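Here's the structure we're looking at; comments come further down.
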Amino acid sequence: GNAGAGTFTAGGTDPTPLVSYNPQEYWNIVPAGTATGSVTLYWDGYNDSYNNPISQRRVAHKVGVNWLNEGGTATGTTTSGSVTSNSISSWTTFSLGSISVALPLRWLSVSGIVNNQGNAVISWKVVEEGVKTYEIQKQVAGTFVTIATINSQGNGENAYLFTESIALKESSLYRIRQVDGNGRATFSAVMQLHAPGVKRLLTVFPNPVKAMATVSVSPDLLDKRAWLIDGNGKVLDDLIIKQTSFSIDLSRYQTGTYYLKTADGAVVRMTRL
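For the sequence shown, counting from 1, position 86 maps to 1029 in the working numbering; every step adds exactly one.
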């Protein structure tokens, strides 16, 4: 739950004022008697909506109507870790805090399917605060373009659904761009959807791959343009297919999901180990 908004002041053991706290959970800690010690708070990505760098996380201490910074040394990752406060002797309400502002969104789920009419259906569920719009983007000729914009439903946990009005005629890549009130944005994972009856024109071996992947294509793709795209939708390479079998070196990229897409809409997904 939310311990309640308050004023970020400099009265804690760390003089740097907080700029945010976690509104989704808090702890009331009251010793049986007089006590001096430290507080360790944990996060696991479930009720922690922050994407703040670990170095910016602190123990937030609510005293009256004020949120104080009790300092802290944080360890772990943005999805799992802990932060331990400085030594304190005042005990009331505590929560995770930060000296930087996180993007006001946590993606709970994102999925895409093709319905019986051949239309792409994109759905997502989020915990949001201060979000303005969601842009549904589709890749066209190697570039993601916005095909629809949906206004936020407001703060809290919300679910969204979008159905493309035009039926798919090929394989396509989709993603969602979230924009908050300050113009900051985050992107969902990229989704790959196939039109009904579209045959696979690309194959990759091995897949998953550690370094070199061999790509095989049908002859009708010769002299066609293709793009290597990462899991966030960024175009990493732009090429012209000159052979029915060629190699792609993924060793220079980080582990994760990648796509090779042709101008005709053929798409193959690759996993870099």
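Positions of the beta carbon are idealized from the N, C-alpha and C atoms, including for glycine. Source: prediction; values computed, not measured.
Problem - Under 8 Å between C-beta atoms of residue 1001 and residue 1013 - result: What you label residue 1001 is simply residue 58 of the sequence shown in a count that begins at 1. What you label residue 1013 is simply residue 70 of the sequence shown in a count that begins at 1. Cβ atoms of residue 1001 and residue 1013: closer than 8 Å.
Practice task
Take every Cβ of the stretch 1021 to 1028, pair it with every Cβ of the stretch 968 to 986, and state whether three or more of those distances are shorter than 8 Å.
Solution key: yes
Practice task
Give a yes or no on whether the C-beta atoms belonging to residue 1180 and residue 1155 are separated by under 8 Å.
Solution key: By one-based count along the sequence shown, residue 1180 stands at place 237. By one-based count along the sequence shown, residue 1155 stands at place 212. Contact flag unset, no.
Exercise for the section: Could you tell me how far apart the beta carbons of residue 1095 and residue 1074 are, in whole angstroms, since I believe they sit closer than 8 Å? Expected result: Within the sequence shown, the letter at position 152 stands for residue 1095. Within the sequence shown, the letter at position 131 stands for residue 1074. The pair is a contact, with the Cβ atoms about 4 Å apart (cut-off 8 Å).
Handout entry: Length of the line joining the Cα atoms of residue 1213 and residue 1050
Key = Taking the sequence shown and counting its residues from 1, the one referred to as residue 1213 is at position 270. Taking the sequence shown and counting its residues from 1, the one referred to as residue 1050 is at position 107. Looking at the two C-alpha atoms, the distance is approximately 23 Å.
Practice task
Please name the residue or residues paired with residue 1078 in a DSSP beta bridge.
Solution key: Against the sequence shown, residue 1078 aligns to sequence position 135. Paired residue(s): 1092 and 1120.
Exercise for the section: Could you check if residue 1063 is buried or exposed, using at least 16 other CB atoms within 10 Å of its CB as the buried criterion? Expected result: Working through the sequence shown from its first residue, we reach residue 1063 at position 120. Burial call: buried.
Exercise for the section: With DSSP as the reference, label residue 997 as helix, strand or coil. Expected result: Counted from its first residue, the sequence shown places residue 997 at position 54. In this structure, residue 997 counts as helix in the three-state DSSP scheme.
Handout entry: Burial state of residue 1080, where buried means 16 or more other Cβ atoms lie within 10 Å
Key = On the sequence shown, position 137 is the one that residue 1080 refers to. Buried is the call here.
Exercise for the section: Report yes if the C-beta distance between residue 1039 and residue 965 is below 8 Å; otherwise report no. Expected result: Looking up residue 1039 in the sequence shown gives position 96. Looking up residue 965 in the sequence shown gives position 22. Taking 8 Å as the Cβ cut-off, residue 1039 and residue 965 qualify as a contacting pair.
Problem - Whole-angstrom distance between residue 1103 and residue 1072, CA atom to CA atom - result: In the sequence shown, counting from the first residue as 1, residue 1072 sits at position 129. In the sequence shown, counting from the first residue as 1, residue 1103 sits at position 160. Cα to Cα, the separation comes out at about 15 Å.
Problem - Spatially closest choice to residue 1184 from 1166, 1016 and 1201, by CA coordinates - result: Start at 1 with the first residue of the sequence shown, and residue 1184 comes out as number 241. Residue 1166 is the option with its Cα nearest to residue 1184.
Handout entry: Classification of residue 1209 by the beta-carbon crowding that lies within 10 angstroms, buried from 16 upward
Key = Residue numbering aside, residue 1209 sits at position 266 when the sequence shown is read from its first letter. Residue 1209 should be labelled buried.
Practice task
Please determine, among 1122, 963 and 972, the residue with the shortest C-alpha to C-alpha distance to residue 1131.
Solution key: Looking up residue 1131 in the sequence shown gives position 188. Answer by Cα proximity: 1122.
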